[in-house]
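Reading through the structure tokens given below for one structure.
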Amino acid sequence: MSSSAFSRRPSSQTGWRRGGGVVSAGRKETPNFRAQSPARGEVLMELKPDDIKDVKKNSKIKDCKYVASYNWLDGKDPKIAVPGTPPLWNPPAIPRELERDSGDFFRDLNAARYPSCPLVPAAQAVRELATQFPTQDVDVFTCADTLCKLARFICGEEQTFRIILTKIGNTLFMIRRENSPDELIPEVKGYGRMLFRLPGFLFRILAKPSGV
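Residues in the sequence shown are numbered from 1 upward in steps of one, following UniProt numbering.
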């Protein structure tokens, strides 16, 4: 499975939205824009889009329920606030022109702040907020970015990407893998990231931090 990974996430100092966020001061002396791809192991099997065109059933999302959420907190040690909250929009009294995006942004904020296993913050949030959640019944645990990459692969898009598969008990963990945990997005474009830096956006922390 393959193609250049790309990112479309707005960022914020609290950084919950699908893992995108501003690089924290003091965490990286030299920006890592061009990390080398990790070595690949032996090819065990090849799967092409044509191999899955005979599937009879269409996949559908149903019975979706909120389980947990979190926000990353800036600081020396990785901490999350549980539950997480989206930014609250408080329109400024005077209209102002939106600046173009600029600055350094991680491709994967979760990996940058918890490189040993980027899915741990989400799992920790579930443990904190949904103590009765039947984790033993979970078949697949992954992130939205991984699902998007798989969907693009199925649709026949030429892309290169890597996913680490780990099975613990009956649960398959599909872990996003960039070239480096602290890899940055080169040539940031658009306005989405600067939008969330406007003074009109308020980031409210409603819970005590939880170390991960």
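All C-beta atoms in this analysis are idealised placements derived from N, C-alpha and C, irrespective of residue type, glycine included.
Worksheet entry | beta strand (DSSP E) runs wholly inside the stretch 121–209, at least 3 long, in chain order | Listed in chain order, the beta strand (DSSP E) runs fully inside the stretch 121–209 are 162–168, 171–177, counting runs of at least 3 residues.
Item to complete: Assuming I154 and I52 form a contact by the criterion Cβ under 8 Å, report the distance between their Cβ atoms to the nearest whole angstrom.
Response: Rounded to whole angstroms, the Cβ separation of I154 and I52 is 7 Å, and the two are in contact under 8 Å.
Worksheet item: Once you ignore the five residues that flank L98 on each side, which residues in its own chain have a CB closer than 8 Å to its CB?
Response: Short of 8 Å from the beta carbon of L98, and not among the five residues preceding or following it, lie these beta carbons of its own chain, in chain order: Y191, M194, L195, L198.
Practice prompt. Kindly identify the DSSP beta-bridge partner or partners of L44.
Written response: Looking at the DSSP assignment, L44 forms no beta bridge with any residue, so it has no partner.
Item to complete: With DSSP collapsed to three states, give me the class of L88.
Response: In this structure, L88 counts as strand in the three-state DSSP scheme.
Discussion item. Less than 8 Å between the C-beta atoms of A39 and V126, yes or no?
Written reply: No, the pair does not count as a contact, with Cβ atoms beyond the cut-off.
Discussion item. Can you find the residues in the same chain that come closer than 6 Å, C-beta to C-beta, to K149, ignoring five residues on each side of it along the sequence?
Written reply: Within its own chain, the residues whose Cβ lies closer than 6 Å to the Cβ of K149, once the five positions on either side in sequence are excluded, are F161, listed in chain order.
Worksheet item: Taking C-beta to C-beta, are S102 and V43 nearer than 8 Å?
Response: Going by C-beta atoms, S102 is not nearer than 8 Å to V43.
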